[in-house]
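In our numbering, the protein residues as written are 156 to 313.
Data block below; observations after.
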Ligand SMILES: [Zn+2]
Ligand SMILES: [Zn+2]
């Protein structure tokens with residue numbers, strides 16, 4: 156069901172979210188450490204030794220949040236476009252055999268032009284009266300229904 160392209164797409168999405176979360180958590184940790192260092196150093200009136208953590212922490216949070224948003228926006232977008240489709244597809248796949256069977260039962264019968272009996276589509280002669288159910292198209296030689304008005308293969312009027 157999953158083609159490599161979609162798998163790659165999902166991996167990219169997951170990667171974005173993982174990196175986003177890592178950046179966000181790392182950025183938060185750095186910001187907290189940097190802030191603690193900043194505030195404690197204000198009281199002690201010295202340059203905060205961990206001030207650089209605040210400097211990298213805030214951009215990390217910004218990048219992390221935007222990556223997360225991008226990752227989730229993509230997910231929301233694909234949820235509507237792609238991820239709802241497989242559900243429909245899976246449901247259709249389960250229904251297809253039943254629909255096919257019904258369609259075949261309805262479609263793949265042919266009425267004998269001689270006696271009106273229902274015959275399986277692949278039969279060439281009526282099971283009731285033995286009349287031919289098919290004939291050869293005089294133009295292309297392909298087999299067509301005995302009462303066909305036009306050839307289904309070459310389109311000529313019979
Ligand atoms: Zn017949
Ligand atoms: Zn023909």
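A virtual CB, placed ideally from N, CA and C, is assigned to each residue, including glycine.
Restricting to runs no shorter than 3 residues, where is the beta strand (DSSP E) found entirely within the region 280 to 311?
For the region 280 to 311, whole beta strand (DSSP E) runs of length 3 or above, ordered along the chain, are 289 to 291 and 298 to 300.
Alpha carbon to alpha carbon, how far is residue 299 from residue 268? Give it in angstroms, no decimals.
Near 13 Å, if we compare the C-alpha coordinates of residue 299 and residue 268.
I want to check one thing, is the minimum distance from the CB of residue 283 to the heavy atoms of ligand 1 below 7 Å?
Correct: residue 283 has its Cβ closer than 7 Å to ligand 1.
Under 8 Å Cβ to Cβ from residue 308, same chain only, skipping five residues before and after it: list those, please.
Closer than 8 Å at Cβ, skipping near neighbours: 292, 295, 297 and 299.
Using 8 Å as the threshold, is the C-beta distance between residue 313 and residue 304 below it?
Cβ atoms of residue 313 and residue 304: closer than 8 Å.
Measuring from the CB of residue 267, is there a heavy atom of ligand 2 at a distance below 7 Å?
Because no heavy atom of ligand 2 lies under 7 Å away, the Cβ of residue 267 does not count as near it: no.
Near residue 179, which residues of its chain fall below 7 Å by C-beta distance, leaving aside the five closest residues on each side in sequence?
Once the five neighbours on either side are set aside, the close Cβ partners of residue 179 are 216, 219, 220 and 223.
Could you say which of 181, 169 and 272 lies nearest to residue 225 if we only look at CA atoms?
When each option's Cα is compared against that of residue 225, the closest is 169.
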